[in-house]
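Asks: Can you keep this structure in mind? I'll have questions shortly.
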Amino acid sequence: MKFFALLLCFLSVITSGDAARKKMNYLAWSKKQVDLVVFSYDRPMQLYAFLESVETYLSNPHRIHVIYRCTDKRFEKGYKKVFNRFAYVRGHKQGKNPQNDFKRLVNKCVFSRQSKSPYIMFAVDDIILTDKVNLIQCT
């Protein structure tokens, strides 16, 4: 339990650069908000299970982004169902040449102008939370 929470915090939470930090308002920093960026490739069912566990066990995530890739229409249909169920999650689909747009999509999520979060947590879709994790305590 504690190991998993510590692992999530240790491996995933990073701060943004000094220039970006100066532009963010103090209130957002005082709240210690954390954005979550999830990577998924042809696994909408695993993503669904991960997001269910996030709803149940993860406290205080600010924004949730999913960068996903799908090889055919079946997976695309599955991801649409996931994003319909979890409407607050922002999906970012990779194009036909993912090597060209991966960096752009990650930067879009990490340095989003809509978010004032000073922390980013990265995850993959095959994680399942099994105990409570409070992101504010991790910061």
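Position one of the sequence shown corresponds to residue 0 (numbering that gives the first Met the number 0), numbered consecutively onward. Backbone N, C-alpha and C fix where the C-beta goes; we use that ideal spot for every residue, glycine too. Please read all numbers here as calculations on a predicted model, not as lab measurements.
Who are Met139's beta bridge partners in DSSP?
Replies: Residue 139 falls outside the range modelled here, since the chain spans only 0 to 138, and no answer is possible.
Asks: How about Val36 and His61: are their beta carbons less than 8 Å apart?
Replies: For Val36 and His61, no; Cβs fall outside 8 Å.
Asks: Run the CB neighbour count on Gln32, radius 10 Å, all protein chains shown included, and call it buried at 16 or more, exposed below.
Replies: Buried: at least 16 other Cβ atoms inside 10 Å.
Asks: Specify the secondary structure class of Ser58 as computed by DSSP and reduced to three states.
Replies: Looking at Ser58 - three-state DSSP - the assignment turns out to be strand.
Asks: Taking C-beta to C-beta, are Ile135 and Asn83 nearer than 8 Å?
Replies: Contact flag unset, no.
Asks: So Arg84 is in the alpha helix (DSSP H); what residue range does that whole segment cover?
Replies: Arg84 -> alpha helix (DSSP H) spans Lys72 to Arg84.
Asks: Nearest to Ile127 by alpha carbon, out of Gly77, Asp34 and Leu57?
Replies: The option with the nearest alpha carbon to Ile127 is Leu57.
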